[in-house]
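Asker: To start, I am sharing the structure in question, which I have written as structure tokens.
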Amino acid sequence: MRRLLFKNFVRGPLTEAAPAPDDAAIAELASRVNQAARRRLGRTLAIREVDAGSCNGCELEIHALGNVLYDLERFGLRFVASPRHADVLLVTGPVTHNMREALERTYQATPDPKWVVAVGACARDGGVFAGSAACVVGGVSAVVPVDLHIPGCPPSPLELLKGLLALLEGVSVT
Amino acid sequence: MNWSRSIVDREAWQAAAARLHAGELCLLGLWGEPGFVHMAVMQSASNECSVLSLACEGNRYPSVGRLHPPALRLERAARDLYGLEPEGLADTRPWLRHSGVYPFLPAEGESLHQIPVGPVHAGIIEPGHFRFTASGETVVRLEARLGYAHKGVEALMAGASLERAAQLAARVSGDSTVAFSLAYARAVEAALALEAAPRAVWLRALMAELERLANHLGDIGAVCNDAALSIMHAQCGQLREQVLRAAQACFGHRLMMDCVIPGGVLRDLPADGERLLSALVALVRKEFPDLVEVYDNTASLKDRTVDTGILSPALARQFAAGGYVGRASGRNFDARRAPGYAPYDRLPFEVPVVQAGDVNARVWIRIREVEQSLALIQAMLPQLPAGPIHVALAAQSVTGAREGVALVEGFRGDILAWVRIGAGGRVERCHLRDPSWFQWPLLEAAIEGNIVADFPLCNKSFNCSYSGHDL
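Quick note, the sequences are listed as chains A and B, same order. Numbered per our numbering, the first sequence spans residues 4 to 177. Numbered per our numbering, the second sequence spans residues 14 to 484.
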């Protein structure tokens with residue numbers, strides 16, 4: 004253990020420089036986020052992740068945001084354990100019928116002001132699962148209002164980070 | 014390897030169920046389609062595999078789960094999806110089809126309380142519901158309710174083109190996308206009686222070992238994180254990220270999704286691919302031993318993992334538990350070795366097996382498998398055959414129905430793929446069975462008598478797939 008600690012002390016941080024926020028995401032958000040909400044939140048957002056039936060590919064990459072190379076928390080973005088502590092719901096998956104009620108109830112449990120970010124191709128419109136009798140028609144926005152889509156199958160951590168930074172810019176610029 | 018194939022009558026079906034019960038056969042899968050039920054089994058002694066089919070008169074068939082509990086949830090799922098009624102099935106609650114109130118199994122006694130968890134969990138994980146019945150801190154019974162991630166994959170596959178079905182197979186369980194794509198591709202190739210391009214066979218194995226490496230590294234760190242040793246999580250997460258970046262550079266996708274296709278692979282290694290992978294192996298070899306040393310010598314961590322969540326070898330054997338779950342409980346099985354498939358028949362590797370069956374044993378199996386995967390990648394790189402990476406399928410010229418089946422070792426365990434291709438080269442029916450089908454019930458057994466606070470550790474040490482199970 005001591006050797007490991009010493010090695011890491013000497014080699015310095017592995018965390019990489021932040022990417023620029025995604026332009027497309029900024030444009031999508033511009034019309035969504037109102038000034039009053041921006042002032043209330045400052046520069047920090049609490050995120051609650053909801054898997055609405057994804058293949059778990061998106062979860063792997065969302066997890067990777069927390070590793071030392073991307074270090075999400077340095078931006079004031081952090082994952083919380085309850086929707087009642089959250090500003091943002093990060094929703095993945097095509098929304099299966101079996102997850103629909105859970106997603107709705109999670110949304111209702113999240114205090115205002117709140118935003119929903121739909122992550123991945125199937126969260127947008129069902130993706131490869133579009134047309135399945137076991138999923139809702141139209142992805143996450145058919146169940147709860149969506150403020151931002153981050154495309155990709157799954158989006159890479161860098162793409163996720165760009166989208167989330169755009170959200171942070173969007174809600175904190177006054 | 015040749016699979017034997019037979020259409021059986023009710024007597025032969027019941028005889029197979031009795032042999033499963035007696036432990037002479039292992040259950041590899043059980044699935045339905047309108048009017049038929051199918052079962053894949055393996056001889057426990059010789060690893061010979063076969064597929065049995067039974068016509069269901071009046072949509073009924075003799076239940077296998079009645080004698081052999083590992084078939085229970087598979088039969089409940091086939092009942093939900095195809096309306097096939099297993100005669101004598103003890104548990105008639107729906108499984109993948111959710112409607113109304115789900116009656117959990119009763120647990121009665123003095124001062125018991127229930128803890129409902131999920132389907133939306135506190136962490137970034139997949140949806141599922143766990144119902145704990147606890148006496149104080151001790152878990153008396155855990156019952157999982159799954160199916161929240163049920164996307165109707167099998168129904169979408171029916172009638173799909175081979176390419177479209179390949180995309181769906183790649184998204185059955187994202188963490189095993191290479192293994193599922195490989196299982197599907199091998200089943201399709203078996204059905205069409207063709208061999209994948211030789212170079213592709215080796216590139217597929219490279220991808221499969223990278224996937225195993227990435228998942229094992231991530232999960233070893235995550236188990237330690239659940240015991241509050243976050244430095245292991247940070248260090249293992251960093252190594253996992255390097256594996257994914259190498260995969261991106263070599264195959265164009267961090268998880269290598271859609272890279273394995275029937276007939277071969279989608280893209281070849283870039284010019285510097287071998288150098289990148291050699292560098293990756295060298296990096297992990299340099300960094301990983303220090304992490305193993307921390308795991309092995311941190312008493313507070315070992316205090317949590319040793320003797321926690323013990324899975325008995327008898328249960329692992331009965332459920333034919335694949336992967337590290339089985340191998341940590343004495344089940345010496347790895348589909349890469351037996352029944353086996355190329356190129357592993359030409360590569361030396363060890364299959365670690367221990368008997369203890371606790372969280373610690375599962376972590377150690379994964380540590381050993383990291384080392385084996387590194388050695389396999391290193392051994393493969395200098396002997397990659399030259400040549401094309403894909404052969405044409407000519408699936409359009411298929412006339413009658415053709416069947417193929419494959420068993421592939423994913424990081425989590427053996428994945429079964431069975432496909433029937435019809436006229437015009439379209440998928441008539443495809444079944445993909447995730448190892449988690451036989452591991453989820455074992456988690457319920459392993460947690461019994463442990464404290465509630467150790468559930469995350471036990472759960473992570475199994476790391477079953479929700480999506481792969483729910484289909």
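Every residue gets a Cβ at the ideal spot worked out from N, C-alpha and C, and that includes glycine. Treat the numbers as computed from the prediction; the structure is a model and nothing was measured.
1. Could you name the residues of the same chain whose beta carbon sits closer than 7 Å to that of G481/B, not counting the 5 residues immediately before and after it, in chain order?
2. Which residues in the same chain as A213/B place their Cβ atom closer than 6 Å to its Cβ, once the five residues preceding and following it in sequence are excluded?
3. Is it true that the CB of L80/A sits closer than 7 Å to the CB of L163/A?
4. Give me the Cβ distance between T99/A and G56/A, rounded to the nearest whole Å; I'm assuming they're in contact under 8 Å.
5. Strictly by DSSP, which residues pair up with F78/A?
6. Hey, does V119/A have any beta-carbon neighbour from chain B nearer than 7 Å?
7. Spatial neighbours of F143/B within its chain, please: CB distance less than 7 Å, with the 5 preceding and 5 following residues excluded, ordered by chain position.
8. Would you kindly work out how many angstroms separate the C-alpha atoms of L324/B and G423/B, rounded to a whole number?
9. Note down, in chain order, every chain B residue with its Cβ under 7 Å from the Cβ of V52/A.
10. Just to confirm, is the Cβ distance from D13/B to P83/B under 7 Å?
11. Any idea what DSSP makes of A137/A, helix, strand or coil?
12. Starting from the C-beta of A405/B, find all residues in its chain whose C-beta is less than 6 Å away, skip the five residues before and the five after it, and write them out in chain order.
13. May I ask which residues mark the beginning and end of the alpha helix (DSSP H) holding V201/B?
14. In three-state DSSP terms, what is A348/B?
15. Please classify D347/B as buried or exposed, where buried requires at least 16 other C-beta atoms within 10 Å of its C-beta.
16. Please confirm whether L181/B has its beta-carbon closer than 7 Å to some beta-carbon of chain A.
17. Just the C-alpha distance for I244/B and I428/B, rounded to the nearest angstrom, thanks.
18. Quick one: give me the first and last residue of the beta strand (DSSP E) that I50/A is part of.
19. Please report the residue range of the beta strand (DSSP E) in which C39/B lies.
20. With H126/B as the anchor, note down where its alpha helix (DSSP H) starts and where it stops.
21. What residues in its chain sit with their C-beta under 7 Å from that of V166/B, if we drop five residues either side in the sequence?
22. Using 10 angstroms around the beta-carbon of S474/B, count the other beta-carbons present and answer buried if the total reaches 16, otherwise exposed.
23. Is there a Cβ of chain B sitting closer than 7 Å to that of H88/A, yes or no?
24. Let's test the definition: count the other Cβ atoms within 10 Å of the Cβ of F82/A and tell me whether it reaches 16, buried, or not, exposed.
25. Terminal residues of the continuous beta strand (DSSP E) containing Y74/B?
26. Could you name the residues of chain A that L268/B contacts, counting a contact when the two beta carbons are closer than 9 Å?
27. So, for L106/A: in the same chain, excluding its five sequence neighbours on each side, which residues have a beta-carbon less than 8 Å away from its beta-carbon?
28. Over the uninterrupted beta strand (DSSP E) stretch that includes G339/B, give me the two end residues.
29. Looking at the C-beta of W26/B, does it have a partner C-beta in chain A at a distance below 7 Å?
30. What are the boundary residues of the beta strand (DSSP E) that F145/B is part of?
31. Determine the contact status of D303/B and L7/A, defining contact as a CB-CB distance below 7 Å.
32. Leaving out five residues on either side along the sequence, give the residues of the same chain with a beta carbon under 6 Å from the beta carbon of F117/B.
33. Could you give the residue range of the beta strand (DSSP E) that holds C62/B?
34. Looking at chain A, is there any beta carbon in it that lies within less than 7 Å of the beta carbon of P132/B?
35. First and last residue of the alpha helix (DSSP H) that includes E5/B?
36. State yes or no: is the C-beta of T321/B within less than 7 Å of the C-beta of V372/B?
Answerer: Based on what the coordinates show:
1. V185, S186, S189, D447 and S449
2. G277, V278 and I402
3. Not in contact: L163/A and L80/A (Cβ atoms no closer than 7 Å).
4. 4 Å
5. According to DSSP, F78/A bridges with nothing at all.
6. no
7. V130, G131, L155 and A157
8. Roughly 21 Å separates the two Cα atoms.
9. In the sequence as presented, Val is not what sits at residue 52/A; that position holds Glu. Residues of chain B passing the Cβ test: I137.
10. With chain B represented from 14 up to 484, any question about residue 13/B goes unanswered, as that position is not in the structure.
11. Coil, per DSSP.
12. none
13. Looking at the DSSP string, the run of the alpha helix (DSSP H) that includes V201/B is T190 to A204.
14. coil
15. buried
16. yes
17. Roughly 33 Å separates the two Cα atoms.
18. First-last of the beta strand (DSSP E) with I50/A: L48 to D54.
19. L38 to E46
20. Premise fails: H126/B lies in the beta strand (DSSP E), H126 to V130, not in any alpha helix (DSSP H).
21. L181, V185 and L484
22. buried
23. No, H88/A lies away from the interface with chain B (no Cβ there is under 7 Å from its Cβ).
24. buried
25. R73 to P75
26. Contact note: L268/B reaches chain A through G60, L63, E64 and P157, using a C-beta cutoff of 9 Å and chain order.
27. Within the same chain, L106/A has close Cβ partners V53, A55, V94, V98, V143, V146 and V147.
28. No beta strand (DSSP E) contains G339/B, which is instead part of the alpha helix (DSSP H) from G336 to R340.
29. no
30. In the DSSP assignment, F145/B falls within the unbroken beta strand (DSSP E) covering H142 to S148.
31. yes
32. R144 and E156
33. C62/B -> beta strand (DSSP E) spans C62 to A68.
34. Judged by the 7 Å Cβ criterion, P132/B is in contact with chain A.
35. Since the first and last residues shown for chain B are 14 and 484, residue 5/B lies out of range.
36. yes
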